[in-house]
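Written below as structure tokens is the structure these notes are about.
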Amino acid sequence: MELQQSSKTRRSGRPTTQNHHNNKKDSTFSSSSAASNMKKDASKVTMAQYNADAKLMAEFEQSGVSGKSFDYSKSVLYPSQDANEEEITSYLSRIQRGGLVQPFGCMVAIQEPTFKIIGYSENCFDMLGFKIVEPAKLKGLIGGDARTLFTPSSGASLTKAMASREISLLNPIWVHSRSTHKPFYAILHRIDVGIVIDLEPANSSDPALLLAGAVQSQKLAVRSISRLQSLPGGDIGVLCDTAVEDVQKLTGYDRVMVYKFHDDNHGEVVSEIRRSDLEPYLGLHYPATDIPQAARFLFKQNRVRMICDCNAKPVKIVQSEELKQPLCLVNSTLRSPHDCHNKYMANMGSISSLVMAVLINSGDSMKLWGLIVCHHTSPRCVPFPLRYACEFFMQAFGLQLNMELQLASQLAEKKTLQMQTLLCDMLLRDVPFGIVTQSPSIMDLVKCDGVALYYGGKCWLLGVTPTEAQVKDIAEWLLVAHKDSTGLSTDSLADAGYPGATLLGDAVCGMATARITSKDFLFWFRSHTAKEVKWGGAKHHPDDKDDGGKMHPRSSFNAFLEVVKSRSFPWEVPEINAIHSLQIIMRESVQEIENTSLKTMTSSQQNDADGPSMDELSSVAMEMVRLIETATAPIFGVDPSGLINGWNEKIADLTGLHASEAIGKSLLNDIAHEDSHGTVEKVLHRALLGEEDKNVEIKLQRFGKDPPESVIYLVANTCTSRDHKNDVVGVCFVAQDVTPEKAVMDKFIQLRGDYEAIVQSLNPLIPPIFASDENACCSEWNAAMERLTGWTRYEVMGKTLPGEVFGGLCRIRGQDALTKFMILFYQAISGHGTKKLPFGFFNRTGELVEVFLTANKRTDEHGNIIGCFCFLQPTAVDPEASDERQDNKESLSKLQEYAYIRRQMKNPLNGIQFTHKLLEATCVSDNQKQLLETSEACEKQILSVIDNMDFGGIEDGSVVELNMEEFVLGNVVDAIVSQVMILLKEKNLQLLHDIPDQIKTLPLYGDQIKLQRVLSDFLFSVVYHAPSPDGWVEIKVLPGLKLIQDGNELIHLQFRMAHPGHGLPATLIDNMSGGRNRWTTQEGIALNVSQKLVNMMNGHVHYVREETKCYFLIDVELKTSKSTQHGPNLEEAQEMEI
């Protein structure tokens, strides 16, 4: 069947949905903290969405097994009252612990390390070929040894896998049924009570074919990844189109779509390839409830999700009665979808699906940007190795998309700055209304349908706007309803409370304002969202009807249109920031116009005031020449004719050609090796056109005493030299010498036959080398690799390099690093050229090793690829080694001083602790006892700082050990308040607090002292910067949802520490969020470390500035019951984002 592909041009606007009509969306005030405010709004929307999802699920389940009485559109548009806590808990449990699996495989759950069976799916008997027992005896497998279900060799493989720290990296494991010898893919993952083994039938009985098939799948994925990487940058639409095309080729599904999540949680199909006879979904927008928040959380845990047949009856799980709750199936490949989703798929004619998560970096965490969704009109099952290759492809797609999004953000910011510059220039030359009446205008600053300037009681209008009288009415409403605000942005004037919103109709729904004086405003207007939302492909006639209550994409789209009635695209953070910047410019400009006429400096005055003297310019130029001449990198330059006009000492040493001999020679004809003539000519031509290149490899001849055939290899970047007219007058090459590395690699590439003598040589000059066979298994591991990693050749030979070796034995920092390694590795096995990759891993003792990795294909005598060679090169040594050694001496001296101080502090603290113990043993009142407990908590905090000064570990993001102990939140609050009481009294500040009694006395489990430590740092900063005298400081603790995750009961707490005034200095907030090189104060260091500790405790910190007050928001999730987890390195402990 013919395939049709269609794409959707990216729009800068964003449709908005709000799934609760009874909850009006708060308007967002534009300010310097626009990003913080919008993050708060997003958190509120997500919290509300959990509520809506839970209520929708409850209504569906109450409507009957068939779901016939369930009206989907009505439930989305007119939801009943909010879900209660019991409904939300039940909803989350139903999603994560449904007790059902899909019938295309079977499941066994076991305890570690005994292999005792604690649960299994009822179809185990049929699939594994065992005799079916009577229903009353179904629990016969419970308590048995799972290894008896498989052949002895299969049991040994499972035992070996169980001993691994990262068990998921070994998937799939090849096992055979003991009864029928039928092969299965065993896919293992750890949960709170043991290990779940998903068993999927395999097509072949030969393990070698399994390995070959997995590598072939990875090669296909690498081919697609190479295609993505070769695309020109700057077009996310093309990237998405290429991704759906490649996924369709890999998987063969009838329809493949890129489904993007917008900031308000609703979704949109932005790219699609489909069978020509299928209805297009391109351009469709869906309410946020179509993909519930709990399902989105699961996609972040289990990134590839397959449903083989939505009409197949799910299989029940039988489990041990000793288990307190159903088995967690979050990461199970067999987890059965909810009936609601099965119904949705059946209604749209999609029988099977494959959904893959698109994750991008977002600060310190990963954000679910969207999904790639595959649909098929008949049952379809994709084998696990191919799904794993798809996951690999999706990781690479996420990296590429992240780069494109950053580029798009930078381009948008650059465009905004250019527009602001033009508008500012117009303000300098003209009266204020010129920014509306002339071109460009403020309408070009952000995407909108119309703009207005209300100044001096008059209106200037452009585009689709309210009438002049209506604009004046809006201004008067703002002066009354929002008299203290400097600006307002909303996607619905009706929801913002403007009385005349209905008179404006669909033409004006959204508005952003900026107050430029006490009574004057700038306005931006947006029309109804539906005007911008289009159907892709076949036109949908408005009179066409379908069952509105039916769960179907068209019904979802219609529900979306109803939800966004009287709404515009929301205003994004960059847009609000651009408006705020223009507001500042306008305020200053209008103030100057009102106070005095504009003064223009003469050009001579400007030059005298700002222009540097010729002597200064000459001095700077001479210094630059000296730096270039003495640089440790080879640097040379040519004029427009290609003749050498610059030649530093390093390039002279490498080539044997002194500067006096090189100047005037032709780079192309006299110095470049003939193999590089084409490259040099192309680079020079591009540079003279103003186009610069990076990482260009060129060969230069050696002169002097070196042999005639001797050459040097350089990897160079080019940069153009320009005159005062901006014309190109030359090209500069800044290079790196890679001759030694190239020589070694060339020898290995050309080597045929016996290479063991070199690879296994103990010569310290031989670099770390390892090699793989065609199946990605380790076939060489030389002595240098043993020294570098700590793992012997015997221990790694035969193991898969990406996964078992790098990822299992040698842990890698983060999924992105592993993905980049796999891309380079499989590109080499596939015969593609590779670039040098910065690569880091942890050796056997846990030390971080940072190297450059280069991979090259291995071939046999017939030229067939049989694997690859990989070379590791240590990262370059700092050329300022002597200075570094001096710095190390000073650092050692400082460490000794710290050690002395720590020792001297401990002794008196021990004395204070002993005194407190004596006092506790005497008769003391309850108040005195509370004071002693507070004092003891402060002492523990000091001891924690002294005993655990892992400052570098916290800064580098390494895992810091967190204690798990029971505590009461009220004791933490008492301790942090006591630490600022003296400062509060000195500044005459009032302390306000709002902490519910049930929260004060609630037993919690976690690291009390580290929590106390970070809260005290934030509170001290709030008190220190609060205006005095007669000011105030407020502490609030706001409880959120209670969640159940993998046997752990969690509560979401938000600490709010507020004070009036202008707030903390911007540099201090920058210190808090920046890296070590951006610290400027001790307070900044403390805030930075505390913020990182909060992140390590699965929380986050924001600082918010409002008109009358500023405050820290510290969000954390703490356990309210002891953990029931077993087994090392549990990945199930990850927190759900709320």
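When the letters of the sequence shown are read in order and numbered with the UniProt record's numbering, they come out as residues 1 to 1138. C-beta: ideal position from N, C-alpha, C; glycine also. Owing to the predicted nature of the structure, the values given are computational and were not obtained by experimental measurement.
Beta-bridge pairing of residue i - partner residues as DSSP gives them
{"i": "Val175", "result": "Phe184"}
{"i": "Lys650", "result": "In the DSSP output, where bridge partners are listed per residue, Lys650 has none listed."}
{"i": "Gly510", "result": "Arg526"}
{"i": "Pro1060", "result": "Lys1109"}
{"i": "Val1033", "result": "Leu991"}
{"i": "Leu354", "result": "Met306, Cys374"}
{"i": "Gln873", "result": "Phe852"}
{"i": "Pro1003", "result": "Val968"}
{"i": "Ser259", "result": "Checking the sequence shown, residue 259 turns out to be Tyr, not Ser. Tyr259 is bridged to Val269, Leu371."}
Alpha-carbon to alpha-carbon, residue j and residue i
{"i": "Ala633", "j": "Val849", "result": "25 Å"}
{"i": "Pro1060", "j": "Ala1026", "result": "6 Å"}
{"i": "Thr28", "j": "Trp571", "result": "Here the model assigns Thr28 a pLDDT of 40, short of 50, so the residue's position is not dependable and the matter cannot be decided."}
{"i": "Gln1012", "j": "Gly814", "result": "29 Å"}
{"i": "Gln659", "j": "Trp647", "result": "Correcting the residue type first, residue 659 is Ala in the shown sequence and not Gln. If I take the Cα positions, the gap works out to 5 Å."}
{"i": "Phe967", "j": "Leu411", "result": "50 Å"}
{"i": "Leu1118", "j": "His266", "result": "29 Å"}
{"i": "Arg274", "j": "Ile585", "result": "50 Å"}
{"i": "Glu795", "j": "Thr242", "result": "41 Å"}
{"i": "Glu649", "j": "Pro640", "result": "23 Å"}
{"i": "Glu476", "j": "Lys483", "result": "10 Å"}
{"i": "Thr792", "j": "Cys810", "result": "12 Å"}
{"i": "Thr845", "j": "Leu689", "result": "52 Å"}
{"i": "Ile496", "j": "Phe1112", "result": "Here residue 496 is Ala; the residue named in the question, Ile, does not match the sequence. Roughly 26 Å between the two C-alpha positions."}
{"i": "Val436", "j": "Val270", "result": "34 Å"}
{"i": "His993", "j": "Gln470", "result": "44 Å"}
{"i": "Leu231", "j": "Lys324", "result": "52 Å"}
{"i": "Glu245", "j": "Tyr281", "result": "16 Å"}
{"i": "Leu872", "j": "Thr854", "result": "7 Å"}
{"i": "Met403", "j": "Val1022", "result": "37 Å"}
Simplified DSSP state of residue i, which is helix, strand or coil
{"i": "Thr789", "result": "helix"}
{"i": "Met308", "result": "Note that residue 308 is Cys in the sequence shown here, rather than Met. Reduced to three states, the DSSP call for Cys308 is coil."}
{"i": "Pro740", "result": "helix"}
{"i": "residue 1174", "result": "Here the chain covers residues 1 to 1138 and nothing more, so residue 1174 does not appear."}
{"i": "Leu141", "result": "helix"}
{"i": "Ala161", "result": "helix"}
{"i": "Ala34", "result": "Low local confidence applies: a pLDDT of 47 at Ala34 is under 50, so the model's placement there is unreliable, with the coordinate-based value given in what follows. The answer is helix: DSSP assigns Ala34 an H, G or I state."}
{"i": "Cys777", "result": "strand"}
Expected contact under 8 Å - CB spacing of residue i and residue j to nearest Å
{"i": "Phe703", "j": "Leu657", "result": "5 Å"}
{"i": "Tyr120", "j": "Val318", "result": "6 Å"}
{"i": "Gly500", "j": "Asp473", "result": "6 Å"}
{"i": "Cys381", "j": "Phe104", "result": "5 Å"}
{"i": "Gly1063", "j": "Gln1054", "result": "That belief does not hold up - the Cβ atoms of Gly1063 and Gln1054 are roughly 19 Å apart, past 8 Å."}
{"i": "Ile976", "j": "Ser1028", "result": "With 8 Å as the limit, Ile976 and Ser1028 do not qualify as a contact, their Cβ atoms being about 20 Å apart."}
{"i": "Leu228", "j": "Leu239", "result": "7 Å"}
C-beta atoms of residue i and residue j nearer than 8 Å
{"i": "Asp506", "j": "Ser492", "result": "no"}
{"i": "residue 1196", "j": "Thr1108", "result": "For residue 1196 there is no data in the structure shown, the boundaries of the chain being 1 and 1138."}
{"i": "Met306", "j": "Ala357", "result": "no"}
{"i": "Leu818", "j": "Gly808", "result": "no"}
{"i": "Glu200", "j": "Ile191", "result": "no"}
{"i": "Asn695", "j": "Val715", "result": "yes"}
{"i": "Phe869", "j": "Ile769", "result": "yes"}
{"i": "Arg335", "j": "Val101", "result": "yes"}
{"i": "Asp1007", "j": "Ile866", "result": "no"}
{"i": "Ala146", "j": "Ile117", "result": "yes"}
{"i": "Cys374", "j": "Arg255", "result": "yes"}
{"i": "Leu371", "j": "Phe299", "result": "yes"}
{"i": "residue 1168", "j": "Gln96", "result": "With the chain represented from 1 up to 1138, any question about residue 1168 goes unanswered, as that position is not in the structure."}
{"i": "Leu989", "j": "Val1033", "result": "yes"}
{"i": "Gly487", "j": "Thr465", "result": "no"}
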